[in-house]
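*Asks:*
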Amino acid sequence: MSSQQPRPPRPQPAQLQALTQLANQIRQSVVAKNQNITQFNNTLRDRIRALDNLSVQILTKIQAIGNRAATFQQTIDRQTAEIADLNRRLQTATDAQANSARQIQELTDQLQRARVDAAQSEALRRQLAALQIEVQDHVDEINNLTQGIEAANAVITEALGQLNAPNDTAELTALLAQLEAHVNQINQEIDRVNGAAPGGPPPVSSLPPPSSGGKRKRKTKRIKNAFRKTKRNKH
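According to full-length UniProt numbering, the sequence shown holds residues 1 to 235 in order.
(1) Given this structure, state the Cα-to-Cα distance separating T94 from A151, to the nearest angstrom.
(2) Let me check understanding here. Comparing Cα to Cα, which of L179, N153, Q112, R126 lies closest to N53?
(3) Could you tell me the alpha carbon to alpha carbon distance between A84 and L172, rounded to whole angstroms?
(4) Using a threshold of 6 Å, is the CB atom of D85 nearer than that to any non-hydrogen atom of the ligand PLP?
(5) Relative to the C-alpha of D137, which candidate in A101, V155, L163, T169 has its C-alpha closest?
(6) Which residues in the same chain as I65 place their Cβ atom closer than 7 Å to its Cβ, once the five residues preceding and following it in sequence are excluded?
(7) How far does the alpha helix (DSSP H) with N194 in it reach, from first residue to last?
(8) Can you look up Q178 in the DSSP assignment and give me helix, strand or coil?
(9) Can you tell which of I186, Q188, L163, D109 has its C-alpha closest to the C-alpha of I76?
(10) Just verifying my parser: in three-state terms, what is the DSSP assignment at Q136?
(11) Please determine, among N194, A23, A181, the residue with the shortest C-alpha to C-alpha distance to A50.
(12) May I have the straight-line CA-CA distance separating N42 from S55, to the nearest angstrom?
(13) If you reduce the DSSP assignment to three classes, tell me which class Q12 lands in.
(14) Below 7 Å between beta carbons: does that hold for V155 and Q91?
(15) Excluding the five sequence neighbours on either side, which residues of its own chain have a C-beta within less than 8 Å of the C-beta of I104, listed in chain order?
(16) Give me the Cβ distance between Q112 and I142, rounded to the nearest whole Å; I'm assuming they're in contact under 8 Å.
(17) Quick check on A159: buried or exposed, where buried means 16 or more other Cβ atoms within 10 Å of its Cβ?
(18) Count the other CB atoms, across all protein chains shown, that sit within 10 Å of the CB of I149; report buried if there are 16 or more and exposed otherwise.
(19) According to the Cβ coordinates, are R47 and I190 closer than 7 Å?
(20) Report all residues from its chain with a CB closer than 7 Å to the CB of A69; omit the five preceding and five following residues, and keep chain order.
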């Protein structure tokens, strides 16, 4: 007696159709997913390039601001040192002018109080005239030093204004906003490819089965019963 194994039942046309539909759904989903990923990679590449270019612009702008700030700081330091020197010279000239003024007052008092001859009187007048010229020189020097201090202060004020230029701040803020927008767009692309955004292709694992579970169980029972009957007939 031969022990021939029973042939497995042939799939029914409905099963073949369901399997074919499932295979087509899987293939279409995979193709759509691959197309979506390819599009995402191209978009992501462009976004990253734009992000890189924007980062270079931001770094260049920051470096330019830093270099300009260093230049302005050197200008401010130089003008501050010049103002300090001018103030010292101004104090010296002021003291000299005050000293000459005291000498003029003393000579004037001597001329008014003392009884001197014509020769002495003329000598005092010449000395007084020389002191008056000296005082005028000190006054002119004081005026020049004061103007120099004012000019140095104006340079410092202008340097401080350019150091804190609102145009630089506005431009840098705009570049940072563009940078943030690029990052947000990249995140949106990632969410879209992962199916988080509306309209994304469904994942393969969520495809519905081709037929209900109850029908499969009944078909499996019929196959098992037929196999048992074949074994009993052989014995």
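Ideal Cβ placement from N, Cα and C applies to all residues, glycine included.
*Replies:* Taking the structure as given:
(1) 20 Å
(2) L179
(3) 36 Å
(4) By its list of ligands, the structure shown contains no ligand whatsoever, and the ligand PLP lies outside what it can speak to.
(5) A101
(6) D168
(7) From DSSP, N194 is part of no alpha helix (DSSP H); its letter is neither H nor E.
(8) helix
(9) L163
(10) helix
(11) A181
(12) 20 Å
(13) coil
(14) no
(15) L128, L131, Q132, V135
(16) Contact flag wrong, Cβ pair sits at about 28 Å.
(17) buried
(18) buried
(19) no
(20) L163
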